[in-house]
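These notes concern the structure reproduced below.
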Amino acid sequence: MTYTELALAGAALAVLADTALLRTWLLRRRIYWTAYGIVLFFQLITNGILTGRRIVRYDPGTILGPRLAYAPVEDLLFGFALVTMTLSTWVWLGRRGAARPDGG
Amino acid sequence: MRHLSYLAVLAGCVLGTLPLEVWLRTRVYARPRRWLLAVLPPAALFLLWDWYAIAHGQWSYDPGQTSGVLLPGRIPLEEALFFVVVPTCAILAFEAVRAVRGWPAGDEPVGPPRP
């Protein structure tokens, strides 16, 4: 599978985890989208450094081609998947541990 | 020092978000069990992805700008750290938004409201 295909699959899995698997439904909450917006801003900076300085290099054959702040557009889906899966898991754990005095 | 470039970016992420834990009381590091349980499963999945991408030459790392420490699967140490650092920063941002705005996240304790 190309990076493009894997990035799409990763983003889809993150949506599936948030809605159907963990049922945290962060995708409906403004706390999530506000936090994601902040993370995205800093992702463009740090990922721009990693890709712009060519610390990380991509095979042109595995990406579509368009770049944003030096990084392949696929990185947006990659970041979305990583951040969303993590936040859904974080809230899922908090929900399970909510009865505990320290909140899990 | 150039071989520490990637590590320096990660260090910047950790240090840049540390004030959130101190000043906004995000309590992410203060809840180590929940923190690690939230970070590690996605990190494992993404390390698997990383391994696949590296093995298939989809992306590579400049040996001159990385520490040279390779984990099994020829995954650079920096990548493993990336999958802990970046999700941690995301949780810190999430909890910072909660601390400032007070918006619900769906994990609030249930029961009678406190006085």
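Protein chains in written order, with the numbering used here: chain D, 4 to 107; chain E, 485 to 599. All residues carry an ideal CB built from backbone N, CA and C; glycine is no exception. Predicted, not measured: the structure shown is a model, and the values here were computed from it.
Problem - Below-8 Å beta-carbon distance, residue 61/D vs any chain B residue - result: Reference to chain B is not applicable here, since the protein chains of this structure are D and E.
Exercise for the section: Within the same chain, show all residues whose beta-carbon is closer than 7 Å to that of residue 13/D, passing over the 5 residues directly before and after it, in chain order. Expected result: Counting only Cβ-Cβ distances below 7 Å, and skipping sequence neighbours, we find 80, 81 and 84.
Exercise for the section: Can you tell me which of 56/D, 69/D and 11/D puts its alpha carbon nearest to the alpha carbon of residue 550/E? Expected result: Ranked by Cα distance from residue 550/E, the options 56/D, 69/D and 11/D are led by 56/D.
Exercise for the section: Using three-state DSSP, classify residue 547/E as helix, strand or coil. Expected result: Three-state result, residue 547/E: helix.
Problem - chain D contact for residue 577/E (CB, 8 Å cutoff) - result: Closer than 8 Å to some Cβ of chain D, the Cβ of residue 577/E qualifies, so yes.
Practice task
Kindly indicate the opening and closing residues of the beta strand (DSSP E) around residue 60/D.
Solution key: DSSP places residue 60/D in the uninterrupted beta strand (DSSP E) bounded by 59-61.
Practice task
From the DSSP output, in three-state form, read off residue 503/E for me.
Solution key: DSSP, reduced to helix, strand and coil, places residue 503/E within a helical segment of the structure shown.
Handout entry: Within-8 Å CB hit, residue 564/E to chain D
Key = Cβ-Cβ to chain D under 8 Å: no for residue 564/E.
Problem - Spatially closest choice to residue 634/E from 6/D, 29/D and 18/D, by CA coordinates - result: Residue numbering for chain E in the displayed model covers 485 to 599; residue 634/E lies beyond these limits and cannot be assessed.
Exercise for the section: Determine whether the Cβ of residue 33/D lies closer than 8 Å to any Cβ atom of chain E. Expected result: True, the Cβ-Cβ gap to chain E drops below 8 Å.
Practice task
May I have the straight-line CA-CA distance separating residue 23/D from residue 522/E, to the nearest angstrom?
Solution key: One Cα belongs to residue 23/D, the other to residue 522/E, and the distance between them is close to 18 Å.
Handout entry: Range of the contiguous alpha helix (DSSP H) that encloses residue 66/D
Key = Segment: none, residue 66/D is in no alpha helix (DSSP H) and carries neither H nor E.
Exercise for the section: Taking all protein chains shown into account, decide if residue 532/E is buried (16 or more other Cβ within 10 angstroms of its Cβ) or exposed. Expected result: It is exposed - the Cβ of residue 532/E has fewer than 16 other Cβ atoms within 10 Å.
Practice task
Using three-state DSSP, classify residue 25/D as helix, strand or coil.
Solution key: Reduced to three states, the DSSP call for residue 25/D is coil.
Practice task
State yes or no: is the C-beta of residue 490/E nearer than 7 Å to some heavy atom of the ligand SAM?
Solution key: Of the ligands one can find in the structure shown there are none, so the ligand SAM has no counterpart to examine.
Exercise for the section: Using a cut-off of 9 Å between C-beta atoms, extract the partners of residue 68/D located in chain E. Expected result: Chain E residues near residue 68/D: none, gap ~14 Å exceeds 9 Å.
Handout entry: Secondary structure of residue 74/D, DSSP reduced to three states
Key = Here DSSP, grouped into helix, strand and coil, assigns residue 74/D to strand.
Problem - Whole runs of the alpha helix (DSSP H) within the segment 511-569 of chain E, excluding any shorter than 4 residues - result: The segment 511-569 of chain E is shown to contain whole alpha helix (DSSP H) runs of 4 or more residues at 516-539, in chain order.
Exercise for the section: Could you say which of 100/D, 99/D and 95/D lies nearest to residue 21/D if we only look at CA atoms? Expected result: The shortest CA-to-CA distance from residue 21/D to any of 100/D, 99/D and 95/D is the one to 95/D.
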